[in-house]
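In the order they appear, the protein sequences are chains X, F, A and D.
Note that numbering that gives the first Met the number 0 numbers the first sequence so that position 66 is 65, with each residue one more than the last.
Note that numbering that gives the first Met the number 0 numbers the second sequence so that position 155 is 154, with each residue one more than the last.
Note that numbering that gives the first Met the number 0 numbers the third sequence so that position 16 is 15, with each residue one more than the last.
Note that numbering that gives the first Met the number 0 numbers the fourth sequence so that position 149 is 148, with each residue one more than the last.
Data first, discussion second: the structure below is written as structure tokens.
4 protein chains.
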Amino acid sequence: MNDVTRTIKDLVIANRILAHQGIVDAYGDISARHPSDRTRFLLARAMSPASVGTADIIEFGLDGARRRHAADPLPGERFIHAAIYEARPDVMAVLHASPEDILAFSVTQTPLQPVIGSVGDMGGRVPVWDIAEKFGDATDLRVSTMERARDVARCLGRHRVVLLRGEGLIVTGRTLNDVVRLAAYVPRNGRTIVATTRLGTFKPLSAGEIAARLAIDPESNAMRRGWEYWARQAGCGDLLSD
Amino acid sequence: MNDVTRTIKDLVIANRILAHQGIVDAYGDISARHPSDRTRFLLARAMSPASVGTADIIEFGLDGARRRHAADPLPGERFIHAAIYEARPDVMAVLHASPEDILAFSVTQTPLQPVIGSVGDMGGRVPVWDIAEKFGDATDLRVSTMERARDVARCLGRHRVVLLRGEGLIVTGRTLNDVVRLAAYVPRNGRTIVATTRLGTFKPLSAGEIAARLAIDPESNAMRRGWEYWARQAGCGDLLSD
Amino acid sequence: MNDVTRTIKDLVIANRILAHQGIVDAYGDISARHPSDRTRFLLARAMSPASVGTADIIEFGLDGARRRHAADPLPGERFIHAAIYEARPDVMAVLHASPEDILAFSVTQTPLQPVIGSVGDMGGRVPVWDIAEKFGDATDLRVSTMERARDVARCLGRHRVVLLRGEGLIVTGRTLNDVVRLAAYVPRNGRTIVATTRLGTFKPLSAGEIAARLAIDPESNAMRRGWEYWARQAGCGDLLSD
Amino acid sequence: MNDVTRTIKDLVIANRILAHQGIVDAYGDISARHPSDRTRFLLARAMSPASVGTADIIEFGLDGARRRHAADPLPGERFIHAAIYEARPDVMAVLHASPEDILAFSVTQTPLQPVIGSVGDMGGRVPVWDIAEKFGDATDLRVSTMERARDVARCLGRHRVVLLRGEGLIVTGRTLNDVVRLAAYVPRNGRTIVATTRLGTFKPLSAGEIAARLAIDPESNAMRRGWEYWARQAGCGDLLSD
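Below is the structure:
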């Protein structure tokens, strides 16, 4: 199987896992950079992630325009993905979603920092992007233009995750599995912080611990363990083999 | 298919989605205004929403009296729906339910205001109706007469949502999907507010943002995305087609 | 069908509903007074409620001794049921369970009082029984003798519900459905109180409202609606008919 | 059936129950000491617990080296199990997992003490092991060497449970059922403590009550009740019989 066929299958798996894990519901979108053309990325048409199949995947350019594969309707969120691939050559996969248990961190002053080892590779700082800062207080909060999306990418900077005020978060990664695994545990980290506020002050991961977690190969057996399990749970284990 | 047949099917879908999403349990009731006779509305007989079928739908007048289709028993909640259609010509669908995560807002002083974009179209203010204010402190809390129901409608005013103290909430909308989508996210907004109280002060949506969300067509593709997905999840995807 | 056969079927349904609703897990026990002999009651052998069938039901006397139907092992909790039927002629059904969201109320000073209408018939006061008060601080917390059980019944008094410190609660009722319905909503009332502590002071139901809720016939259509629905959800709808 | 065959089947059941109960997800590992050779223990290869079968079980020595049965890859967590069996001759089963609702206790100062009777046999004190104390603040938090594991065993001491800062917990027991039952209720105890902080000060179990709970035979009918029920729920009831 050629690379892009494999990537498309993996993108379908990622959609299904995220839906089954409750990281996305009817909304939420994950993309992968094209494996042989770095100026393109793959993203499903506007539809619920749980129903995405290989025929729903569209190829986009870094300007957010459709390059290949006709499927309707185009997702309004394509600009977010485009702007991040444009700004961050190291990023190979992007998730935009609204998992409930990070929303409170997007509208308050408490930073979403890692307290559990499994999200150590989230990095020590998660910036919050507030659309009102640059685009005023009368928007519909949606990142629906390249201009807005580039401002999100600017706020993301060199970090792995950025919160969108009142909307959700963006998770970037080195591989699709890298994004899915981190996204699966970030809400748990949020819930743990909320619980700790009842129990005293908490000890977050240290800078050294964060660096050590980031140094783990995201495709190592230990980090891949969830992928196959979750794919089977989500009912798409057949897509795992070539 | 004529309009009313389509509306009845959609009303069955709405019942099933709400049950599957946990917005209603054994209790809770959703109605739609009759598509060709504005003086009537459609509502299921008194039964658990998850089991509602097309034969269970009854046609009522704006006084809460049955006009067409025999099915027993009549729901005590029909007056709530009647009074709101009577008072609000712009309302085409009404939900009365007790999703758990809004109950605390109905018995405390903290207003249920939008902090997440997906409920921006809830409006900036959600009034609370306390049955004791007008009907004394010895009622069974149920809105079981037109007199009580009209007082609820008065409290709702021009808003989209009203909380009933100790009982639940009413969500109104321009379409059935409009009500179901908003109802699906209102409890999430409530949980997010509760979580924020642990993390600092929160930033709610601004008046301009609320207006921008309300300006989105409730039947646009972006707002309809949940309907089909949730209907299939709820096992009634067959009712989607004519 | 004679009365006792119907009661046994209903007791099986009650076990299955409570398991499916998560009110009981591997532990928890519900009984019904014998419909034609007030000195006896029916309770399953020691087993997980989700698996209880009609052949598992044992007839006990008000001393907790087995009177009829051999099934092993005898449940250690039979004394709780016996002592309550002995002390309270008005009680026709008893549940002993550990739903998680009432446990915090059993070990703190905050009373579990009704804030939502659906548990208005719980009554205005729920006493807490602490085994250490009478039996010292070196018990295993289990109500495993008639002496302990009679002390629980004394603490219950004329109330409908009593909390057992660190262990759970007992719910009494006029019918099996009366107990199941109330038990299904008491944890929700607990969660709502916990949420309200973040949002300000809460307004509980008034004495008059509680009296009005208690005056509703527990076998009226409005109060029976959950029973059939939950039985079908729990996979024992076939036991509903004679 | 010989003892080791039975133990292997029980270990598979334990894996499946823990996965079905949500105590483990893609990660988490449970072992049993070899029934006829106290210098060995049984543990699955590195894989998701929900998928473990009898062919996945490997025999290890107390140094963490594989002794018997080839299956890949070896779990990095084998050292944890080895060090505990080495240090604690009384321990016959060990679980290492990350149930979410104990994580907050691993990063704050509030001790995880028993407030509900069902975890009285957890003991009165649960120490917290912080990898940074001995191994510095630049580790990846994983207990991946015998040296680290022996330090965990030292911290566990004579207790039954030890928390690992930011990572999870270890539960030890006299039998597999003893570990699984306790692990099923420890998170509930954690959630109850968190809830109590909103309701006042809480009363934990007394030393005498803890001793009384520890004195209950972990293989008595009352303590075994969950095992069969949970095994059937987890879909591996067929493994219960010889």
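Ideal Cβ positions, reconstructed from N, Cα and C, are used throughout, including at glycine.
Bear in mind that the values here come from a model prediction, so they are computed numbers and not experimental data.
What A:A221 touches in chain F, judged by beta-carbon distance under 7 Å, is G75, going in chain order. Its chain contains V11 as the residues whose beta carbon lies nearer than 7 Å to that of F:G52, once the 5 sequence neighbours on both sides are disregarded; these appear in chain order. For the C-beta of A:V193, the chain D residues within less than 8 Å are, from N- to C-terminus, A194, R197 and L198.
Neighbours of X:G165 across chain F, judged by C-beta separation under 7 Å: V114, I115, G116 and L204.
Excluding the 5 residues flanking it on each side, X:H68 has same chain C-beta neighbours closer than 7 Å at I56, I57 and E58, in chain order. One Cα belongs to A:L42, the other to A:D28, and the distance between them is close to 7 Å. For D:F201, at least one C-beta of chain A is nearer than 8 Å to its own C-beta. Residues of chain D with a Cβ closer than 7 Å to the Cβ of A:P88 do not exist; the shortest Cβ-Cβ separation is about 30 Å. Residue-level contact check: F:P72 touches chain A, since one or more beta carbons of chain A fall below 8 Å from its beta carbon.
Against chain F, a Cβ distance below 7 Å from X:T138 picks out E208 and A211. Around the beta carbon of D:E99, 16 or more other beta carbons sit within 10 angstroms, so the residue counts as buried. Shown here, D:E76 sits in coil according to DSSP, grouped into three states, outside any helix or strand.
Listed along chain F, the residues sitting closer than 8 Å to A:I215 by beta-carbon distance are D139. Burial check for F:T107: the Cβ neighbour count within 10 Å reaches 16 or more, so the residue is buried.
Among the residues of the region 158 to 190 of chain A, those with a Cβ less than 7 Å away from any Cβ of chain F are R187 and R190, in the order of the chain. Taking 8 Å as the cut-off, the Cβ atoms of A:G119 and A:E218 do not count as close. Interface with chain X (8 Å Cβ-Cβ cutoff): F:R15 is excluded. F:A182 sits in a helix when the DSSP states are folded into three classes. The beta carbons of F:Y26 and F:S117 sit no closer together than 8 Å. Taking 8 Å as the threshold, the shortest C-beta distance from A:G234 to chain F does not fall below it.
When the Cα atoms are used, F:K8 and F:M91 turn out to be separated by approximately 15 Å.
In its chain, beyond the 5 residues on either side, V90, V93, A148, V151, A152, L155, I169 and T171 have a beta carbon closer than 8 Å to the beta carbon of D:I83.
Interface annotation, D:L102: in contact with chain X, CB-CB separation under 8 Å. Around A:R224, the beta-carbon contacts reaching into chain F at under 8 Å are A25, Y26, A45, M46 and S47. Taking the beta carbon of X:Q108 as reference, the chain F residues within 7 Å of it are G199, listed in sequence order. Residue nearest to F:D62 within the set F:G122, F:I79 and F:A211 is F:I79 (criterion: CA-CA distance). Residue contact with chain X for F:W128: absent (no Cβ-Cβ distance below 8 Å to any residue of chain X). At least one CB of chain F lies nearer than 8 Å to the CB of X:E99. For X:T4, the enclosing alpha helix (DSSP H) stretches over residues D2 to H19.
In the DSSP assignment, X:S30 falls within the beta strand (DSSP E) that extends over D28 to R32. Taking a Cβ-Cβ threshold of 7 Å, none of the residues of chain D is close to X:G52; the smallest such distance is about 24 Å.
Secondary structure of A:F59 (DSSP, three-state): strand. DSSP lists F:V93 as the bridge partner or partners of F:T171. The C-beta separation of D:I130 from D:R187 comes to about 27 Å, leaving the pair out of contact by the 8 Å criterion. Taking C-beta atoms under 8 Å as the contact rule, D:G234 and D:R15 qualify, at a distance of about 7 Å. Proximity of chain X to F:G119 at the Cβ level (cut-off 9 Å) is accounted for by D139, L140 and G165, in chain order.
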